[in-house]
Amino acid sequence: MALGPVDYLILVLYFGFVLGIGWLLKKRVSTSEDFLTSGRSVPLWITSLAFIAANMGAQEMIGMCASGAKYGILTAHFYWLGAIPAMLFVGVFMMPFYYGSRARSVPEYLKLRFDEKTRTFNALTFAVMTVFSSGISMYALGRLFELVLGWSFTTSVLVSAAIVLVYTYLGGLTSALYNEVLQFFLIVLGFAPLAVLSIAKSGGWEGIQARLKPVMTHAWANLGSASSNPMGVEIFGMVMGLGFVLSFGYWCTNYLVIQRALAAKDMSSARRTPLVAAFPKIFLPFIVIAPGLAAAALVSQFPSVIPMKANGTPDFDMVLTSLMSSFYPSGLLGVGITALMASFMSGMAGNVTALNTVWTYDIYQAHIRKNAPDSHYLWVGRATTIVGTALSILCAYVATLYNNIMDLLQLVFGFVNAPLFATFLLGMFWKRTTGNGAFAGLISGTTAAFFTWSLTVAEGKGGILGNVHEFGSTMAQNFWVAIMAWCTCFVVTIIVSLMTKAPTLHELKGLVWGATEMPETRHEAWFRRPVLLAAIVAIICIALNVWFR
Amino acid sequence: MDLRLPAGLFFSAVGLILCLMGLVSSGKPAPLTDINVNLYSGAAMLIFGGVMLWASRRKA
Numbered sequence: 147m148a149l150g151p152v153d154y155l156i157l158v159l160y161f162g163f164v165l166g167i168g169w170l171l172k173k174r175v176s177t178s179e180d181f182l183t184s185g186r187s188v189p190l191w192i193t194s195l196a197f198i199a200a201n202m203g204a205q206e207m208i209g210m211c212a213s214g215a216k217y218g219i220l221t222a223h224f225y226w227l228g229a230i231p232a233m234l235f236v237g238v239f240m241m242p243f244y245y246g247s248r249a250r251s252v253p254e255y256l257k258l259r260f261d262e263k264t265r266t267f268n269a270l271t272f273a274v275m276t277v278f279s280s281g282i283s284m285y286a287l288g289r290l291f292e293l294v295l296g297w298s299f300t301t302s303v304l305v306s307a308a309i310v311l312v313y314t315y316l317g318g319l320t321s322a323l324y325n326e327v328l329q330f331f332l333i334v335l336g337f338a339p340l341a342v343l344s345i346a347k348s349g350g351w352e353g354i355q356a357r358l359k360p361v362m363t364h365a366w367a368n369l370g371s372a373s374s375n376p377m378g379v380e381i382f383g384m385v386m387g388l389g390f391v392l393s394f395g396y397w398c399t400n401y402l403v404i405q406r407a408l409a410a411k412d413m414s415s416a417r418r419t420p421l422v423a424a425f426p427k428i429f430l431p432f433i434v435i436a437p438g439l440a441a442a443a444l445v446s447q448f449p450s451v452i453p454m455k456a457n458g459t460p461d462f463d464m465v466l467t468s469l470m471s472s473f474y475p476s477g478l479l480g481v482g483i484t485a486l487m488a489s490f491m492s493g494m495a496g497n498v499t500a501l502n503t504v505w506t507y508d509i510y511q512a513h514i515r516k517n518a519p520d521s522h523y524l525w526v527g528r529a530t531t532i533v534g535t536a537l538s539i540l541c542a543y544v545a546t547l548y549n550n551i552m553d554l555l556q557l558v559f560g561f562v563n564a565p566l567f568a569t570f571l572l573g574m575f576w577k578r579t580t581g582n583g584a585f586a587g588l589i590s591g592t593t594a595a596f597f598t599w600s601l602t603v604a605e606g607k608g609g610i611l612g613n614v615h616e617f618g619s620t621m622a623q624n625f626w627v628a629i630m631a632w633c634t635c636f637v638v639t640i641i642v643s644l645m646t647k648a649p650t651l652h653e654l655k656g657l658v659w660g661a662t663e664m665p666e667t668r669h670e671a672w673f674r675r676p677v678l679l680a681a682i683v684a685i686i687c688i689a690l691n692v693w694f695r
Numbered sequence: 039m040d041l042r043l044p045a046g047l048f049f050s051a052v053g054l055i056l057c058l059m060g061l062v063s064s065g066k067p068a069p070l071t072d073i074n075v076n077l078y079s080g081a082a083m084l085i086f087g088g089v090m091l092w093a094s095r096r097k098a
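Chains as they are written, first to last, in this note's numbering: chain A, 147 to 695; chain B, 39 to 98.
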């Protein structure tokens, strides 16, 4: 596809606005906490939209559309079974401890609740993972623009990274949050016409149902056994693996998203951040998955909507851009490409700002220089922004040379992340959990993940130590690796905690259920009551699951 | 800073550009549609931008 002058004008206009927002927010930064945690002063509507926007990186947008074309409405489980319940849980039950403990980051909560080694393990793995994942998405974006628009890989990687660097360097987390909201609007307004046009072209929902096999248009009907649906996952693996372990692990413990809620101005706003965010989140499948589903319905009539790879298999990652060039004329095409760029930037800024804080407070201040004046940590935070971006760019280039290294790293990070939610669940809701228990649980959970993967095979992956079981897909394998890791961590944490000395009630004040006063909201207006908001979202979510069953 | 002001300005500007594109070069639609996509989505963005601007003015 070729962009016209108007398309470039829109892209440049967007660049101007994000840089301008960063420039205007520069004067709000005078301490390290202003820069790294927004000084806990951001309005609720901004933290909420940033909460979901930070997760809407370019890879997610391209991947959800691809998955819609490949698996159909089953993809919606990532939202209606995975993200939404986890977002409700973190808002209602976990935020009182995160926000109430005054921890500046998720690893710092682990330090307050458990000990230094648990914090450091979490901080180090998070920091490395963040750099690599932003490098990988940079690589994906550069490759896509090279393929679709003919832009040079180096130009798109360097220009987009430089813009993110400038606005996060100037205004810190506040600038990242404000821009994420602008990016969220742009992603929705830029992608929504694609959903409307492609679904209308397929003859609406009835037309899509008539054109596709029932397995593509039902989310629950074909989960009875792994062989009856294209994802190759059965209902237990789906609900427990994706719905519980992986989604709660991401939305409830990943500092990338929690950081957005912690920037809120008070406890009530922090708790409501994921809950208010859940309202738009629940409808995102209609914008990000629906075009892929429509492409699958249209492909027999218009083969060009799903391009082929050189080896003759469908290239689902190209569906989003091929739909754009099919439905968008010059002008809106510029908005679509800019929206894709915006999604990349919101994802990358999320990574950069989370890395900043974890590096500065949880690694540098904890281990390298403890009692420096605050201006020093502000300097470190700013320097980390630059170093982190540079390392991400380096990773993007490493990915162009050794794609397998990146796959391997993602696999290893999956092992490390899988057990995390068990640690937080026990830490927040069981007073008896000890630091040694948590650490032993994390290590053994990660080990269990490795062995589960090594002893099972899916699509030729895994099984380096043997083949005890064969999964129908790598997705099913991922879910089961996570389930095994979670269960191991849960059990080991309990056993080791019971064998070690119990923490005193005094140490746990404000950190654990039963040792913390939960915020009283019964007399507040309805829209200020977290439980009520969560109930409304839950009803909508259940209704959608029933409707698309 | 009130984000509604820059957001309102940005989407009004983009909406205006798209509406103009829709009115001027409507002879060149995209391959799979005959609808004047630029005009309609431009109008939607113009309305969104306008609401944002109105909201930021109302508070000030």
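Beta carbons: idealized from backbone N, C-alpha and C, even for Gly.
Short CB-CB distance (under 8 Å) between G349/A and chain B:
As a first step, residue 349/A is located in the first sequence; it is residue number 203 there, counting from the start. No, its Cβ sits nowhere closer than 8 Å to a Cβ of chain B.
Between the alpha carbons of H364/A and W351/A, how many angstroms are there, rounded?
In the first sequence, the residue the question calls residue 364/A occupies position 218. In the first sequence, the residue the question calls residue 351/A occupies position 205. For H364/A and W351/A, the distance between alpha carbons rounds to 12 Å.
H669/A by DSSP, collapsed to three states: which one?
In the first sequence, the residue the question calls residue 669/A occupies position 523. Coil.
In the region 169-195 of chain A, which residue ranges form an unbroken alpha helix (DSSP H) of at least 4 residues, counting only runs that do not cross its ends?
178-183
Report the three-state DSSP secondary structure of F694/A (helix, strand or coil).
Residue 694/A sits at position 548 when you count from the first residue of the first sequence. In this structure, F694/A counts as coil in the three-state DSSP scheme.
Determine whether the beta carbon atoms of G608/A and S600/A lie at a separation below 8 Å.
Counting from one through the first sequence, the residue named residue 608/A turns up at place 462. Counting from one through the first sequence, the residue named residue 600/A turns up at place 454. For G608/A and S600/A, yes; Cβs fall inside 8 Å.
Closest by CA to M275/A, which one among F161/A, Y401/A, L388/A and M487/A?
Numbered from its first residue, the first sequence carries residue 275/A at position 129. For M275/A, the nearest C-alpha among the options comes from Y401/A.
So which of A356/A, F267/A, A232/A and H669/A has the shortest CA-CA distance to L388/A?
Locating residue 388/A in the first sequence gives position 242, counting from the first residue. Closest option to L388/A, Cα to Cα, is A232/A.
Which residues in chain B have a C-beta closer than 7 Å to the C-beta of P676/A? List them in chain order.
The count along the first sequence starts at 1 and reaches residue 676/A at position 530. Those within 7 Å of P676/A in chain B number zero; the least Cβ separation is about 24 Å.
Output needed for G560/A: all residues of its chain with C-beta closer than 8 Å, excluding positions within five of it in sequence on either side, in chain order.
Translated into the one-based positions of the first sequence, residue 560/A becomes position 414. So the qualifying residues of the chain are A595, N624, V627 and A628.
From S280/A to L304/A, what distance separates their C-alpha atoms?
For the purposes of this step, residue 280/A is identified with residue 134 of the first sequence, where counting begins at 1. For the purposes of this step, residue 304/A is identified with residue 158 of the first sequence, where counting begins at 1. C-alpha separation (whole angstroms): 13 Å.
Would you please verify whether the beta carbon of A51/B is less than 8 Å from any beta carbon of chain A?
Translated into positions along the second sequence, residue 51/B becomes position 13. Chain A contact via Cβ: present.
What do you get for H223/A, buried or exposed, if any count of 16 or more other CB atoms within 10 angstroms of its CB means buried?
The count along the first sequence starts at 1 and reaches residue 223/A at position 77. Classification for H223/A: buried.
Per DSSP, the bridge partner or partners of G477/A
Your numbering for residue 477/A matches position 331 in the first sequence. The partner list for G477/A (beta bridge, DSSP) is empty, contrary to what the question assumes.
Below 8 Å, how does it come out for the region 369-389 of chain A and the region 238-253 of chain A: are there three or more Cβ pairs, yes or no?
no
Three-state secondary structure (DSSP) of V274/A
Mapped onto the first sequence, residue 274/A falls at position 128. Three-state DSSP puts V274/A in a helix.
Can you name the start and end residues of the beta strand (DSSP E) that E206/A belongs to?
Residue numbering aside, residue 206/A sits at position 60 when the first sequence is read from its first letter. Counting along the chain, E206/A falls outside any beta strand (DSSP E), though it belongs to the alpha helix (DSSP H) covering A204 to Y217.
Going by DSSP, which residues form a beta bridge with V603/A?
For the purposes of this step, residue 603/A is taken as the residue at position 457 of the first sequence. In DSSP, V603/A forms a bridge with G608/A and E616/A.
M362/A and G228/A - do their beta-carbons sit closer together than 8 Å?
One-based indexing of the first sequence puts residue 228/A at position 82. One-based indexing of the first sequence puts residue 362/A at position 216. Not a contact, by the Cβ cut-off of 8 Å.
What are the residues in the region 153-167 of chain A lying within 8 Å of chain B by C-beta distance?
Residues L155, I156, L159, Y160, F163, G166 and I167.
What does a CB cutoff of less than 6 Å around I539/A pick up in its chain, not counting 5 residues either side in sequence?
Walking along the first sequence from the start, residue 539/A turns up at place 393. Closer than 6 Å at the Cβ level, and outside the excluded window around I539/A, lie A307.
Would a check of beta-carbon distances place Y244/A closer than 8 Å to chain B?
Here residue 244/A refers to the residue found at position 98 when the first sequence is read from its first residue. No, no contact with chain B.
Tell me which residues of the region 307-335 of chain A have at least one Cβ-Cβ distance to chain B shorter than 7 Å, keeping chain order.
Y324, V327, L328, F331 and L335
Run through DSSP, which three-state label would P460/A get?
Numbered from its first residue, the first sequence carries residue 460/A at position 314. Reduced to three states, the DSSP call for P460/A is strand.
Enclosing alpha helix (DSSP H) for W397/A [first to last residue]:
Numbered from its first residue, the first sequence carries residue 397/A at position 251. Looking at the DSSP string, the run of the alpha helix (DSSP H) that includes W397/A is S393 to T399.
Could you tell me if T301/A is buried or exposed, where buried requires 16 or more neighbouring beta carbons within 10 angstroms of its beta carbon?
Numbered from 1 along the first sequence, position 155 holds the residue referred to as residue 301/A. Exposed: under 16 other Cβ atoms inside 10 Å.
Where do the ends of the alpha helix (DSSP H) carrying D520/A lie?
Mapped onto the first sequence, residue 520/A falls at position 374. Taken as a continuous stretch (DSSP letters only), the alpha helix (DSSP H) holding D520/A covers D520 to L547.
Beta-carbon neighbours of G496/A, restricted to chain B and to distances below 7 Å
Along the first sequence, one-based indexing puts residue 496/A at 350. Residues of chain B passing the Cβ test: none, with the nearest at roughly 17 Å.
Span of the alpha helix (DSSP H) around E352/A:
Within the first sequence, numbered from 1, the residue matching residue 352/A stands at position 206. Residues G350 to R357.
Proximal residues to M470/A (C-beta, below 7 Å), its chain only, five neighbours per side dropped
Counting from 1 along the first sequence, the entry for residue 470/A is found at position 324. The beta carbon of M470/A lies closer than 7 Å to those of L340, L479 and G482 in the same chain, with the five residues before and after it left out.
Check M147/A in the structure and name its three-state DSSP category.
Within the first sequence, the letter at position 1 stands for residue 147/A. The answer is coil: DSSP assigns M147/A none of H, G, I, E or B.
For I629/A and chain B, any beta-carbon pair shorter than 8 Å?
Taking the first residue of the first sequence as 1, we reach residue 629/A at position 483. For I629/A, the answer is no, since every Cβ of chain B falls outside 8 Å of its Cβ.
State the Cα-Cα distance for the pair P151/A and S476/A, rounded to the nearest angstrom.
Residue 151/A sits at position 5 when you count from the first residue of the first sequence. Residue 476/A sits at position 330 when you count from the first residue of the first sequence. Spanning the two alpha carbons is a distance of roughly 9 Å.
Taking only beta-carbon atoms, is S472/A less than 8 Å away from chain B?
Position 326 of the first sequence, counted from the start, is the residue given in the question as residue 472/A. It does; some Cβ of chain B falls within 8 Å.
Sequence-distant residues of its chain with Cβ nearer than 7 Å to W659/A (five each side left out):
As a position in the first sequence, residue 659/A is number 513, starting the count at 1. Excluding positions up to five away in sequence, the list reads M574 and F575.
Considering only the alpha carbon of each residue, which of V294/A, T506/A and L319/A lies closest to A148/A?
On the first sequence, residue 148/A is found 2 positions in, with the first residue counted as 1. Per the Cα distances, V294/A.
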